[in-house]
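Chains as they are written, first to last, in my numbering: chain D, 1 to 255; chain G, 256 to 510. The structure under discussion appears below in the form of structure tokens.
Protein chains: 2
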Amino acid sequence: MSIAAQIAHDMSLAEHPFVARLSRFMKLSPADLSSLELIVESERLVKKRKDLIVVGYEYRDLCFVKDGYAIRYKLLRSGKRQILNVILPGDIIGFPVSFFDRSIYSVVAVSDLTYTICPLDSYARLCHEQPQFGLALSWLAAHEAAIYAEHIVDLGRRTPIERLAHFLLEIHARLLAVGRAEKTSFDLPFSQEVIADVLGLSVPHLNRMMQQLRVEQLITSRSRLVEFTNMASLQTLAHYQPLDLAPIPMLVKRA
Amino acid sequence: MSIAAQIAHDMSLAEHPFVARLSRFMKLSPADLSSLELIVESERLVKKRKDLIVVGYEYRDLCFVKDGYAIRYKLLRSGKRQILNVILPGDIIGFPVSFFDRSIYSVVAVSDLTYTICPLDSYARLCHEQPQFGLALSWLAAHEAAIYAEHIVDLGRRTPIERLAHFLLEIHARLLAVGRAEKTSFDLPFSQEVIADVLGLSVPHLNRMMQQLRVEQLITSRSRLVEFTNMASLQTLAHYQPLDLAPIPMLVKRA
DNA sequence: TCCACTTATTGATCTGAATTAATAAAAAAC
DNA sequence: GTTTTTTATTAATTCAGATCAATAAGTGGA
Numbered sequence: 001m002s003i004a005a006q007i008a009h010d011m012s013l014a015e016h017p018f019v020a021r022l023s024r025f026m027k028l029s030p031a032d033l034s035s036l037e038l039i040v041e042s043e044r045l046v047k048k049r050k051d052l053i054v055v056g057y058e059y060r061d062l063c064f065v066k067d068g069y070a071i072r073y074k075l076l077r078s079g080k081r082q083i084l085n086v087i088l089p090g091d092i093i094g095f096p097v098s099f100f101d102r103s104i105y106s107v108v109a110v111s112d113l114t115y116t117i118c119p120l121d122s123y124a125r126l127c128h129e130q131p132q133f134g135l136a137l138s139w140l141a142a143h144e145a146a147i148y149a150e151h152i153v154d155l156g157r158r159t160p161i162e163r164l165a166h167f168l169l170e171i172h173a174r175l176l177a178v179g180r181a182e183k184t185s186f187d188l189p190f191s192q193e194v195i196a197d198v199l200g201l202s203v204p205h206l207n208r209m210m211q212q213l214r215v216e217q218l219i220t221s222r223s224r225l226v227e228f229t230n231m232a233s234l235q236t237l238a239h240y241q242p243l244d245l246a247p248i249p250m251l252v253k254r255a
Numbered sequence: 256m257s258i259a260a261q262i263a264h265d266m267s268l269a270e271h272p273f274v275a276r277l278s279r280f281m282k283l284s285p286a287d288l289s290s291l292e293l294i295v296e297s298e299r300l301v302k303k304r305k306d307l308i309v310v311g312y313e314y315r316d317l318c319f320v321k322d323g324y325a326i327r328y329k330l331l332r333s334g335k336r337q338i339l340n341v342i343l344p345g346d347i348i349g350f351p352v353s354f355f356d357r358s359i360y361s362v363v364a365v366s367d368l369t370y371t372i373c374p375l376d377s378y379a380r381l382c383h384e385q386p387q388f389g390l391a392l393s394w395l396a397a398h399e400a401a402i403y404a405e406h407i408v409d410l411g412r413r414t415p416i417e418r419l420a421h422f423l424l425e426i427h428a429r430l431l432a433v434g435r436a437e438k439t440s441f442d443l444p445f446s447q448e449v450i451a452d453v454l455g456l457s458v459p460h461l462n463r464m465m466q467q468l469r470v471e472q473l474i475t476s477r478s479r480l481v482e483f484t485n486m487a488s489l490q491t492l493a494h495y496q497p498l499d500l501a502p503i504p505m506l507v508k509r510a
């Protein structure tokens, strides 16, 4: 890589949304960034609707999403699809599948998407040199688990309109954390079919719930731009509670 | 601690179900066990129905369950309860709540329970000395996330009887991994009320599904002893897929 | 600019599972 | 061993949300 390209690469990593996420619970020195720099490989672009991970196949990379959107999902015999989580910029495509023998679900891009490849082996090697990255991964995993936990509450015990309200607030918060949303509005990058499969609803019913949120003046939306007109009420409706990660303790570097 | 007590303690850690879980994806040397030994604190016993974690409060320990059962749950305004996951021997009570400012859900014991206390700070310190433990935590977190993902599929798109079948198979596999189940049978340590709150069903409906599994000769059960009489059919019904963690790569010790 | 395809919206019907309520059985407490 | 509490079982009613079906509006590609 030429020096100019290297610099461009460095700069892009510093403003990589994955780094933005890490920064929320750990301090990243320039040296840390360089360490990360050394283990990531090429950047890749995939087109909308392209599969990133296929269920049943081995997968051993922690790809960091730079831009674009994807979904983790599972298909059932009946042809029904359940989406486990949506993948936003800054998320790790290969978590948690890279930790298993074979992928337990599929991932498909729902928009054009760019990501940085980081082999799990390289990351593990980095952890042995810089142990804080091992902890960082646990932190991200805890965040992911907490998001999943909220989805379980959504699907198990929340009403359809509560689920939708919660989904909108969650996506907004996650986009905000990586600078992809405004204070009270954002561009929803998912079709109603996708949202229905996240929330375990039928598309017609989801559509009605969307309308009800508008009727009750909790949101306005034209096309896919969503604006919260009454955030407090929406949060109450959704039982929404922000997920604030604590900082990693004991980040003292060893000599 | 007296030397005799220390030895007893050491021995108990080696056969601690948490160690059994770690051993499934990493090799633990006697030195590793000693390192763990140094950071765990006292053992504690709580009685059935006693709260272990209360939503909204700070919590900073990774307690490893030695014996007994508990549940992570959230209560909604309506008084409904959703159980996020059941906690079995070998599980970490403080995951993922210890990584957040304040606990995002509650944990209550559903039987008498013993656990080993391990402060998160101490564990983090250990990770800086022995980086493989940071990775180990990520591995456990990935496992937890995968279990949650299956629950999302259960709640979103599986029928009640499929959910129940899946639940029984999952619990059996998890108990088997820590030596708490037989090959095709196990003692179900949860009431129907608990299972209903895991699966997002009402108690009467869960009860009917339980009967249907018996009628269809997939299980037999008297009291709480469950026996799988047709494991293959049950797995098919449940869309069950075992979760096999890959080993941690690059476990070379640094000098 | 048009065509093909995807996505959003609306309406009518019907079923699965919640709800409520009551009882039976089992376990725990005393 | 008896009482109290918890847990399991059964039945009748109700309704939320799926399903099916059709149309409208958008979007992207050639």
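Quick reminder that beta carbons are idealized off the backbone N, C-alpha and C, glycines included. Please read all numbers here as calculations on a predicted model, not as lab measurements.
Can a CB atom of chain G be found closer than 8 Å to the CB of residue i?
{"i": "E227/D", "result": "no"}
{"i": "Y240/D", "result": "no"}
{"i": "P249/D", "result": "yes"}
{"i": "H128/D", "result": "yes"}
{"i": "F190/D", "result": "no"}
{"i": "R24/D", "result": "no"}
{"i": "L113/D", "result": "no"}
{"i": "F18/D", "result": "no"}
{"i": "L245/D", "result": "yes"}
{"i": "G68/D", "result": "no"}
{"i": "D51/D", "result": "no"}
{"i": "Y79/D", "result": "Per the sequence shown, the amino acid found at residue 79/D is Gly instead of Tyr. Closer than 8 Å: no."}
{"i": "A124/D", "result": "yes"}
Checking the sheet assignment: what are the DSSP bridge partners for residue i?
{"i": "F422/G", "result": "Partner(s): none; F422/G has no beta bridge."}
{"i": "Y328/G", "result": "I338/G and S361/G"}
{"i": "V310/G", "result": "None, per the DSSP bridge assignment."}
{"i": "D61/D", "result": "P119/D"}
{"i": "D67/D", "result": "T114/D"}
Are the C-beta atoms of residue i and some chain D residue less than 8 Å apart?
{"i": "S361/G", "result": "no"}
{"i": "F422/G", "result": "no"}
{"i": "H406/G", "result": "yes"}
{"i": "L535/G", "result": "Nothing about residue 535/G can be read from this structure; chain G reaches only from 256 to 510."}
{"i": "D316/G", "result": "no"}
{"i": "D346/G", "result": "no"}
{"i": "R509/G", "result": "Any reading at R509/G needs caution, since the residue's pLDDT is 47, under 50, leaving its predicted position unreliable; the model's value is listed next. Taking Cβ atoms only, chain D reaches closer than 8 Å to R509/G, which makes this a yes."}
{"i": "P386/G", "result": "yes"}
{"i": "D356/G", "result": "yes"}
{"i": "E399/G", "result": "yes"}
{"i": "S393/G", "result": "yes"}
{"i": "A260/G", "result": "Residue confidence is low: A260/G scores 49 on pLDDT, short of 50, so the model does not pin down where it sits. Its coordinate-derived value is still stated next. Cβ-Cβ to chain D under 8 Å: no for A260/G."}
{"i": "A396/G", "result": "yes"}
{"i": "K282/G", "result": "no"}
May I ask you to report which of helix, strand or coil DSSP gives residue i?
{"i": "S366/G", "result": "coil"}
{"i": "P249/D", "result": "coil"}
{"i": "E270/G", "result": "coil"}
{"i": "L45/D", "result": "strand"}
{"i": "F95/D", "result": "coil"}
{"i": "D356/G", "result": "coil"}
{"i": "P89/D", "result": "coil"}
{"i": "L28/D", "result": "coil"}
{"i": "S289/G", "result": "helix"}
{"i": "S278/G", "result": "coil"}
{"i": "R254/D", "result": "Confidence at R254/D is low in this model, with a pLDDT of 48, below 50, so its placement is unreliable and the value that follows should be read with caution. Of the three classes helix, strand and coil, the one that applies to R254/D here is coil, per DSSP."}
{"i": "I39/D", "result": "helix"}
{"i": "S2/D", "result": "For S2/D, the predicted model reports a pLDDT of 47, less than 50, meaning its position is unreliable; a value from the coordinates is still stated below. Here S2/D sits in coil by DSSP."}
Whole alpha helix (DSSP H) elements within the stretch 188-243 of chain D, 4-residue minimum: If only uninterrupted alpha helix (DSSP H) runs of at least 4 residues are considered, those enclosed by the stretch 188-243 of chain D are 192-199, 203-215 and 231-238.
Three-pair Cβ contact test at 8 Å for the stretch 347-355 of chain G versus the stretch 89-109 of chain D: no
Every unbroken alpha helix (DSSP H) inside the stretch 379-445 of chain G [4 residues or more]: 387-412 and 415-432
Stretch-stretch touch, CB-based, cutoff 8 Å, three pairs: the stretch 14-32 of chain D with the stretch 130-150 of chain D: yes
Segment contact flag, the stretch 33-45 of chain D with the stretch 368-375 of chain G, C-beta cutoff 8 Å, min 3 pairs: no
Given 8 Å, three or more beta-carbon pairs between the stretch 336-348 of chain G and the stretch 446-454 of chain G: Yes: the two stretches touch, three or more of their Cβ pairs being nearer than 8 Å.
Contact between the stretch 308-317 of chain G and the stretch 103-111 of chain D (3+ Cβ pairs under 8 Å): With the cut-off at 8 Å, the stretch 308-317 of chain G and the stretch 103-111 of chain D do not touch.
The stretch 163-183 of chain D touching the stretch 414-427 of chain G, judged by at least three CB pairs closer than 8 Å: no
Stretch-stretch touch, CB-based, cutoff 8 Å, three pairs: the stretch 183-195 of chain D with the stretch 394-414 of chain G: Result no; under three Cβ-Cβ pairs closer than 8 Å.
contact_flag[the stretch 411-421 of chain G, the stretch 461-471 of chain G] where n(CB pairs < 8 Å) is 3 or more: Flag = yes, the stretch 411-421 of chain G and the stretch 461-471 of chain G touch.
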